[in-house]
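Notes follow once the structure below has been shown.
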Amino acid sequence: KQEVTQIPAALSVPEGENLVLNCSFTDSAIYNLQWFRQDPGKGLTSLLLIQSSQREQTSGRLNASLDKSSGRSTLYIAASQPGDSATYLCAPLGGNMLTFGGGTRLMVKP
Amino acid sequence: KAGVTQTPRYLIKTRGQQVTLSCSPISGHRSVSWYQQTPGQGLQFLFEYFSETQRNKGNFPGRFSGRQFSNSRSEMNVSTLELGDSALYLCASSFTGTGGRSPLHFGNGTRLTVT
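Each protein sequence line maps, in turn, to chains E and V. Following the working numbering, the numbering of the first sequence begins with 1 at its first residue and continues without gaps. Following the working numbering, the numbering of the second sequence begins with 111 at its first residue and continues without gaps.
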């Protein structure tokens, strides 16, 4: 059974900092891994999708890497802004199922 | 292109009642998945439908059921509601579903409160 851990659980940083969110998973037999953002009371917004054959994906200030063999993914956010405040979730896809981590709750202070 | 639409946004029900939630996927998407989100358990997979067939099911009791129509719209039903069923129910659609490589797109969810 896939287990997904996200560290840290919560993070508070001043505006402008570069940050790294970590995701680890126990079963490396995955098709892809998706990073999502969730604002309070809302659904999930897809940020990046990394296929199992890829090492990284970039979108604007976001960069996600994947090391399937070691069961790790990182989400790098450059020059953080208050609007980045949200919960970030990673979800590897394997066994025809997305398994979610507990998320990292990010607060970016002006 | 319209996103994933879930109705209603909020529901309040009493223990023992049943409830039906609705999800309209993005146009052209044939897969619809359902997830339950609670503060204690996080996001948990309920089931996935692809072209009107249930393709995968999570570890939930039989009180949770679903179906998908020919236009890909999906409904989820929970019978004999319990207090622990209070949660945010999220629906996601994708072109290929969990058997393929396309990303999942989520709706804003239905907030169910059971009293």
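Where a beta carbon is used, it is the ideal one built from N, C-alpha and C, also for glycine.
- For the region 28-50 of chain E, the set of positions with a beta-carbon nearer than 8 Å to some beta-carbon of chain V reads 31, 32, 34, 36, 41, 42, 43, 44, 45, 46 and 49 in chain order.
- Secondary structure of residue 194 of chain V (DSSP, three-state): helix.
- For the region 150-182 of chain V, the set of residues with a beta-carbon nearer than 9 Å to any beta-carbon of chain E comprises 152, 153, 154, 155, 158, 165, 166 and 168, in chain order.
- Residue 224 of chain V counts as buried, since at least 16 other C-beta atoms from the protein chains shown sit within 10 angstroms of its C-beta.
- Here the alpha carbons of residue 107 of chain E and residue 53 of chain E stand approximately 32 Å from one another.
- Residue 84 of chain E sits in a helix when the DSSP states are folded into three classes.
- Taking C-beta atoms as the reference points, residue 32 of chain E and residue 6 of chain E fail to come closer than 7 Å.
- Between the alpha carbons of residue 114 of chain V and residue 214 of chain V lies a gap of roughly 10 Å.
- For residue 8 of chain E and residue 99 of chain E, the gap between their C-alpha atoms comes out near 18 Å.
- The residue among E:91, E:105 and E:109 with its C-alpha nearest the C-alpha of residue 81 of chain E is E:109.
- If you draw a straight line from the Cα of residue 13 of chain E to the Cα of residue 85 of chain E, it comes to about 10 Å.
- For residue 185 of chain V, the enclosing beta strand (DSSP E) starts and ends at 184-188.
- For residue 63 of chain E, the enclosing beta strand (DSSP E) stretches over residues 62-67.
- For residue 187 of chain V, not one C-beta of chain E is nearer than 7 Å to its own C-beta.
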